[in-house]
Amino acid sequence: MRDAVTGYLTKTISRRGFLDNLKLAGMTVTAAEGVLSSLNSAAQNTPSLSNNNSTEVPPVKTFQGSGGACFAEQLMACGVKYVFGNSASEDAQFYDALVDRPQLNYILTPHEGPGAAMAAGYIKASQEPAIVMQAGAVGLMNAMGQVFNAYKEQTPLVIYSYRTDQSRRAGRDGFEEIANQEQVLQPLTKYSWMARGPSMIAETTRHAFKSAWTPPHGPAYLTWHSDHTDEKTRTEIIQQSHFDTRMRVRPNPVEIERAARMLLDAKMPVLIVGDEIYKAKAVAKVVKLAEMLGMPVTQMRQMWVNFPEAHPLWVGNAPAGTLSSITWPKNYDLAINIGNKMQHNGVQPIVARNIKFIDMRIDYQNMGKVMSTDVPLVGDVALGLDDLIAALDQLMNARSKEIATQRTIEVKKFTDRARQIFTGIVNNPEWNNAPLIADRVTWEVAQFADKDAIIVHEAGSVAMHSFNFNPVGGRELFFYYGGHLGSGVGTSAGVKLARPHQQVICMVGDGSFLFGPHALWNMARLELPVITIVYNNHAYGGPHSRSIANVPSGRMVETGQFVASYLGNPDMNMAHIAQGFGVKAEVVSNSMELKQALSRAKLSTMDGKPYLIDVQVVRRGVGWTEQPWVPNIKGSKQKAKKT
Amino acid sequence: MCIFNQAKRWIFLFLIGVVSVNINAQNLTESIQSSETGRELVLNKCSQCHTDSIWRDQRQDERAWEATMYRMMGRGAIWTRDEIKSMSAFLGVDFGNQSTKLKVK
């Protein structure tokens, strides 16, 4: 098949010849036509290809200049428009090179962590390359938390920081020096390398971008001794179109046919969706697959919502992260995963062993790790969906179509009822309380949000209900899948930079907010009008409840002494923090105030200004009292004399 | 007051008593049924996602339990108003402010 594809793309065989070859290889006519149609979109998901005008820019050129200038040239050739960074004197030659290269926009971020989150947010929302850079090992350490997120979320974030130690004095435990700096990042990256000299800077940069952007995506790190940035060198600069592998793999056609037959034999197949669908822009295809078979659709923990939540086949997220935790159906006999990372947080496999399992994704490393897999379909999910749909189309007869129709009716009966029941959430007896319950805040923001708003979610113990997310032209969710806190505000700023025409709302818990509010300053400076909502209950609510669950009936519960949960006394004012960064903000305590504040936020953002609302939220969970315990530590009582 | 009137009075009081006992008995039966149903619902529905360690130390009244149930709806629980009433009625007794029980058995 590979020969046939190559032959067709290089025009050495005709369309008919191509189809004949595939039929000879055992593929059905429909499947072969599906392959043919998808070849036209073979360049999809190679973002920088569209950035480079190959008629004007030579694919390879020789460049002479400082190491910093070489770096800038290669970044432009990689399709980079934005460089996110924190001030680093050893990168002066690179900064100097930017002055005459306005195509590269440097965004100064006041802290490396939120800076990296902003870069990752931009990449996730634009699917365009970017780079984040820090000052040596010391800056890198601040960014590492967000590199962890990028690794877990499979974001193609490229990270650079120099080695403060210069090449002729390295290894002496000098200022800001650690041994083997590039190895610090190794567990968190797909590629981590130190260029050995200035002439290798451009090539190392290419390797990093190629590695990060070759599916499955992930972060890549590059470094070199800082003196190499200053040295003059002569090097090749290569356009990304000429080193990108364009890895869009089709699943094995034999396995595709097996999968199609198993799906048709199943009495109640369930479809699990995941982030590879969003990345491949294949939501419409997965909807078509679900509709063909009348399959109920669910999702385990992911970053994006990958299926329209208002669709009659959407039965909701699996609340406890295993398929058995969905309310309905319970009689499923087959599960097919399309692009979900299937993160296991417990001992039990997400899909029980007695259920047949089909797994389609490009993330081959995570396939077959925990799950017992009947049919592995390694490949790009957009292409795989094309092939699977084509195979089903050919195999389905009147009887199987009738079964699918009946199943659709059955699923719809459940989802109609579930949606009707859910409207009762407003019957919560605490619905009108002040301070507000978190669900009321979420519901009010859902009533307020634009129809195509992007919700960046970093509110740990809050459920993002009522938005009816729809990745095809509707509201989108950016969830903090990675879990290193402090990403929300930075991510929102990056998302807004990438999607200036969509409303961006950051929903963040007070605990998460405090880990990284710094990008508020970027929002103010760059006029990125994000609305930030802080659920402020003056506590780490999630860790509080989970700690008690881990030590039920323990001394914490008995004494009410929760040493690691309460953030009050004194209470923190997030509006004041925002104002310090130049962002308009206010504190609200009830639903009326919240509605009015949201109206003011909208006016502000229409004027290009970000806005923050600190919403006072009630603490809920085991063991909270009106005046929670605080430690009896008073510095003023311990000092020996008045100072 | 004539004997006839007195008799009528006793008959009236007797009937009130019977009706009252019946009503109380009926309430009690409903209460027990509700409580049993609530217990079963808690065991069946909460265990969909949790072990009992997540909530067995909680002590709060019925209204607060009801609010907790509604909070679970935001997280994907599909429970009717009646189911929530039954569960919170049970929890409000067995895991109410005065309860000393440690776990559902």
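From first to last, the protein sequence lines stand for chains A and B.
Mapping the first sequence onto my numbering, position 410 (from 1) lands on 410, and the numbers just tick up by one.
Mapping the second sequence onto my numbering, position 24 (from 1) lands on 1024, and the numbers just tick up by one.
The beta-carbon is built from N, C-alpha and C at its ideal position, and this holds for glycine as well.
A quick note: this is a predicted structure, and the numbers were derived from the prediction, not measured.
Short CB-CB distance (under 8 Å) between residue i and chain A
i	result
E1066/B	yes
N1022/B	Caution applies to N1022/B, whose pLDDT of 43 falls short of 50 and renders its modelled position unreliable; the value that the coordinates give is listed next. No, its Cβ sits nowhere closer than 8 Å to a Cβ of chain A.
Q1033/B	Unreliable placement is indicated for Q1033/B, whose pLDDT of 47 sits below 50; no coordinate value is reported for it.
Chain B within 8 Å of residue i, Cβ atoms only
i	result
N427/A	yes
S565/A	no
N470/A	no
P552/A	yes
I505/A	no
I633/A	no
D439/A	yes
A601/A	no
E309/A	no
F84/A	no
F448/A	no
E458/A	no
W624/A	no
D455/A	The amino acid occupying residue 455/A in the given sequence is Ile; Asp does not appear at that position. Output row for I455/A: interface = no.
I421/A	yes
Presumed contact (8 Å Cβ cut-off) between residue i and residue j, rounded CB distance
i	j	result
D333/A	I355/A	6 Å
S604/A	P517/A	Going by Cβ atoms, the distance from S604/A to P517/A rounds to 17 Å, so no, they are not a contact pair.
H228/A	P198/A	4 Å
T223/A	Q186/A	About 12 Å separates the two Cβ atoms, so there is no contact after all.
G79/A	T491/A	About 21 Å; that fails the 8 Å criterion.
N340/A	Q365/A	So it is not a contact: roughly 14 Å between Cβ atoms.
V351/A	P471/A	About 23 Å; that fails the 8 Å criterion.
V583/A	A524/A	5 Å
V462/A	F478/A	Not really, about 15 Å apart at Cβ, beyond 8 Å.
I238/A	A398/A	With 8 Å as the limit, I238/A and A398/A do not qualify as a contact, their Cβ atoms being about 55 Å apart.
G136/A	T164/A	4 Å
I1084/B	E1066/B	6 Å
C-alpha distance - residue i paired with residue j, whole-angstrom precision
i	j	result
P628/A	P543/A	15 Å
Y160/A	R1081/B	55 Å
M1069/B	L436/A	17 Å
A1077/B	C1049/B	9 Å
E112/A	E276/A	28 Å
E176/A	V138/A	7 Å
F414/A	I421/A	11 Å
A150/A	V273/A	20 Å
S545/A	G346/A	18 Å
M396/A	L383/A	20 Å
Q134/A	E1040/B	57 Å
M342/A	M300/A	7 Å
T205/A	V147/A	17 Å
S651/A	Y611/A	In the structure as shown, chain A starts at 1 and stops at 643, and residue 651/A therefore has no counterpart that could be examined.
R619/A	H576/A	21 Å
R1059/B	A1089/B	13 Å
S400/A	L264/A	7 Å
Proximal chain B residues relative to residue i, where beta-carbon distance stays under 7 Å
i	result
H465/A	G1074
I548/A	D1057
V557/A	D1057
I123/A	In chain order: nothing, as chain B lies at least about 29 Å away.
I350/A	Those within 7 Å of I350/A in chain B number zero; the least Cβ separation is about 14 Å.
E430/A	A1067
Proximal chain B residues relative to residue i, where beta-carbon distance stays under 8 Å
i	result
R620/A	A1067, T1068 and R1071
G316/A	G1076 and I1078
Chain A residues whose Cβ lies nearer than 9 Å to that of residue i
i	result
Q1048/B	P319, A320, S324, S325, I326 and T327
R1039/B	Simply none; closest approach about 19 Å.
Cross-chain neighbours of residue i in chain A, by beta carbon under 7 Å
i	result
S1053/B	A549 and P552
Any C-beta of chain C under 8 Å from that of residue i
i	result
G145/A	Included in the structure are the protein chains A and B, with no chain C among them.
Chain B contact residues for residue i, given Cβ-Cβ distances below 9 Å
i	result
G424/A	Y1070, M1073, W1079, T1080, R1081 and I1084
A398/A	Under the 9 Å cutoff, chain B gives no residues; its nearest Cβ is about 34 Å from A398/A.
G418/A	Here residue 418/A is Ala; the residue named in the question, Gly, does not match the sequence. Those within 9 Å of A418/A in chain B are I1078.
Are the stretch 225–244 of chain A and the stretch 293–311 of chain A touching, with three or more C-beta to C-beta distances below 8 Å?
no
At least 3 beta-carbon pairs within less than 8 Å: the stretch 61–71 of chain A vs the stretch 92–99 of chain A:
yes
Decide yes or no for the touch test of the stretch 557–566 of chain A against the stretch 633–641 of chain A: beta carbon pairs closer than 8 Å, at least 3 of them.
no
Check whether the stretch 531–549 of chain A touches the stretch 504–519 of chain A, taking contact to mean three or more Cβ pairs, one atom from each stretch, closer than 8 Å.
yes
For the stretch 1046–1058 of chain B against the stretch 544–551 of chain A, do three or more pairs of beta-carbon atoms, one drawn from each stretch, fall closer than 8 Å, so that the two count as touching?
yes
Sufficient close CB pairs (3 or more, under 8 Å) joining the stretch 285–299 of chain A to the stretch 378–396 of chain A
yes
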